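All the letters of the sequence shown, read from the start, carry residue numbers 100 to 161 under my numbering. Don't be surprised by glycine CBs; every beta carbon is placed ideally from N, CA and C. The structure displayed is predicted, hence computed values, not measured ones. Take a look at the structure below.
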Amino acid sequence: MAATILSLVLSFILGAAAWLALGPRLSLNPDGQLNQTFNFFAYVGIAFPLVFAGVFFLLEKL
């Protein structure tokens with residue numbers, strides 16, 4: 100359970116960093132404000148499987 104929460108927190112951090120670095124590259128909604136929100140959550144969704152695997156790989160080594 101703690102690994103899942105850690106993965107989710109790290110995914111939000113990486114998603115925010117990607118959103119700041121890349122900006123709203125994906126056109127998911129014609130409304131500008133919603134498009135930025137959807138882009139942020141898309142970046143979080145992309146980061147989550149990678150972070151989830153990384154957290155469990157690191158926990159295995161401990």
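Residue burial classification, residue i (beta-carbon count within 10 angstroms, cutoff 16)
| i | result |
| --- | --- |
| A120 | exposed |
Reduced DSSP category for residue i - H, G, I as helix; E, B as strand; rest coil
| i | result |
| --- | --- |
| P123 | coil |
| L157 | helix |
| N128 | coil |
Residue j beta carbon less than 9 Å from that of residue i
| i | j | result |
| --- | --- | --- |
| L109 | V150 | yes |
Nearest-angstrom Cβ-Cβ length linking residue i and residue j, presumed shorter than 8 Å
| i | j | result |
| --- | --- | --- |
| G72 | V143 | Within the shown structure, residues of the chain are numbered from 100 to 161, placing residue 72 beyond reach of any answer. |
| A117 | A146 | 7 Å |
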